[in-house]
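Structure first, then comments.
Residue numbers (the numbering used here): 17 to 715.
This is how it looks when you write it as structure tokens:
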């Protein structure tokens, strides 16, 4: 331990100690006034000072010397520099982080009341020089305040907080706490964890250690014998009976707890009306599927609920969903006037088997195609037919630019005259030459872009093999600049090319689909390939029947101006209103990057145009809690604490803090100069009193 000085030059001021010593050793001239009538007979004799041989007032001298020494030392800014600085030197201020679990399992019984009480008691125990950060966590974590000692503000935050609909993940919360404590310069650190210690929320692979010297205080509000029954999900099938849509629904009911649940009632509600109910018995640790009879649906998007009798955790006793009547995607297939009708056999059968979505196939001859045939169409197929001319061609151009899809299947009847003059530059060049590989076993498709939506489902093992198909003939085709080659034959020639035109897309397949130039229509891969291409070109995206709370979705993907499925609306500049299940209203402004929304509550979110009335709904989103949270199995608190406990102790923390502090920070923390100045003032007061007393005695 060493005594250091930040400004040692001020110690030179200690030389002023000599002043009171000289004063005490010097005999000063005493001036006495004597009145004379005249000074003419007097002679002035100079006064000579003489040194005294001894000091008469030692206490007064010592007080003056000590006061000067203390002032000089205070100006030199002294500090103790030692390897280990204990709490007595560093102070007792704490950096406290309170982690409050607000996952929906905290709504079980009185858990939330216990957790709130524990948080309030922790806040009441903070000292004025402590700093407290409140971290609320579910499957993500958020520090809801800056470090503060304001108890009223912290109490208000806890009072406003309620359990959410999201699940539990300890990892993000603990990482946030570690970062907050790591950044602290206070001598003591503490983390208070208030939770029910759900097992599924802890990942043993997460390596999160608190900083050295951190005290961890667990507050367990869970119970070992908790049981819960939840609606885990629904499956449904839609059909039509007498032109009216009907819904056949099955609900999955789970009981992960240790106690059997007998005679639970399960109800199906459509648009707020209970239409059916079932009774189910669930042994401990079991799951059952409850099937309902087909129920009629309105011919419009509909809200539905599967509801259980409420238990101690009512959040997962309700499962919400939305369902829309099935709308087939209309497709116009344009064939060559001279082509026999059976040329379309394989393509028509493949499209007719589509169910998600279904396809409404309308066949037109190239000579009979009219502009009106393209109204309300999702996709156009040119099946070995030339590109339309005149007004119909211009209508098809607009259709593609406005977001429509066009699939071109090249064959024996299409060649140099495939495109019109206006479309050749944008869609590439179709040669009259045909690559003939009849002499061998034919060619294969050897290169596929599995990142593209058309081929993405086939990228996994055993999901489809294009190499089994043999291609004996295909058109020579030169893709335009900017086009994407999605598939190539084994000789490098393009097999499938995509060209973006405005908001739409054109795909060119350089072989036919009639089982003449290739045997792809006979392969199992043909049907899913046709379906994927049709979904992509028609802009079809299935609208999810429900979402999980805590996720972020793009509202733009739920907006549609077409009955068979969502495509981004053209009026992207329109402002929308998002109504939350709790009654809140958020205005979503126009943006090119989508309209992301965090789904923080369970219930139905309603999206409507800002300028529309209250009865106009653009989209409805059903949101349910994370079903993984329904399993209330507990984690041993000691297991979690052992995984996050700091490796070092308090001594190591103090030593590392002392080593990290600069001399200026150490001096500021110790503040020795304040005590020295205070001592000097006390000595000067004592000196003043003693000097006055001695002066009175001398007189």
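Ideal Cβ positions, reconstructed from N, Cα and C, are used throughout, including at glycine.
According to DSSP, what are the bridge partners of residue i?
i, result
"residue 233", "208"
"residue 534", "487"
"residue 321", "285, 336"
"residue 169", "Beta-bridge pairing links residue 169 to no other residue."
"residue 595", "601, 622"
"residue 516", "521"
"residue 638", "620"
"residue 503", "464, 512"
"residue 446", "493"
"residue 451", "490"
"residue 157", "153"
"residue 221", "Answer is none; residue 221 lacks a bridge partner."
"residue 695", "Per DSSP, none; premise fails for residue 695."
Can you give me the C-alpha to C-alpha distance between residue i and residue j, rounded to a whole angstrom?
i, j, result
"residue 623", "residue 340", "16 Å"
"residue 389", "residue 434", "21 Å"
"residue 613", "residue 513", "35 Å"
"residue 593", "residue 625", "6 Å"
"residue 442", "residue 517", "8 Å"
"residue 673", "residue 227", "The predicted position of residue 673 is uncertain, since its pLDDT is 47 and thus under 50; no value can be drawn from it."
"residue 155", "residue 225", "19 Å"
"residue 564", "residue 642", "6 Å"
"residue 372", "residue 553", "14 Å"
"residue 525", "residue 476", "23 Å"
"residue 356", "residue 367", "19 Å"
"residue 508", "residue 302", "56 Å"
"residue 603", "residue 634", "14 Å"
"residue 658", "residue 186", "14 Å"
"residue 397", "residue 284", "42 Å"
"residue 544", "residue 535", "15 Å"
"residue 7", "residue 349", "Past the boundaries of the shown model lies residue 7; the chain is included only from 17 to 715, so the question cannot be answered."
"residue 176", "residue 330", "20 Å"
"residue 280", "residue 322", "13 Å"
"residue 78", "residue 700", "11 Å"
"residue 216", "residue 445", "58 Å"
"residue 249", "residue 335", "7 Å"
Using three-state DSSP, classify residue i as helix, strand or coil.
i, result
"residue 20", "strand"
"residue 510", "strand"
"residue 151", "strand"
"residue 645", "helix"
"residue 462", "strand"
"residue 704", "helix"
"residue 575", "coil"
"residue 332", "helix"
"residue 626", "coil"
"residue 228", "coil"
"residue 187", "helix"
"residue 654", "helix"
"residue 562", "coil"
"residue 163", "coil"
"residue 426", "coil"
"residue 8", "As shown, the chain starts at 17 and ends at 715. That puts residue 8 outside it, with no answer to give."
"residue 662", "coil"
"residue 556", "coil"
"residue 548", "helix"
"residue 416", "helix"
"residue 432", "coil"
"residue 612", "strand"
"residue 676", "With a pLDDT of 48 at residue 676, under the threshold of 50, the modelled position of that residue is not reliable, and no figure is offered here."
"residue 456", "coil"
List the whole-angstrom C-beta distance separating residue i from residue j, where the pair is believed to meet the contact cut-off of C-beta under 8 Å.
i, j, result
"residue 211", "residue 117", "4 Å"
"residue 310", "residue 264", "5 Å"
"residue 233", "residue 208", "5 Å"
"residue 379", "residue 327", "At roughly 57 Å, the Cβ-Cβ gap does not stay under 8 Å, so residue 379 and residue 327 are not in contact."
"residue 95", "residue 615", "About 55 Å separates the two Cβ atoms, so there is no contact after all."
"residue 464", "residue 503", "5 Å"
"residue 489", "residue 541", "Between residue 541 and residue 489 the Cβ distance is about 19 Å, and since that is not below 8 Å, they are no contact."
"residue 491", "residue 447", "7 Å"
"residue 213", "residue 651", "5 Å"
"residue 386", "residue 352", "With a Cβ gap of about 17 Å, residue 386 and residue 352 do not count as contacting."
Sequence ranges, beta strand (DSSP E) only - wholly within the segment 334–414, length at least 3: 334–339, 345–351, 375–381, 395–399
Unbroken stretches of the beta strand (DSSP E), 3 residues or longer, contained in the segment 79–142: 94–97, 110–117
query: Can you list the alpha helix (DSSP H) stretches of 4 or more residues lying completely in the segment 246–313, in chain order?
result: DSSP runs (the alpha helix (DSSP H)) wholly in the segment 246–313: none.
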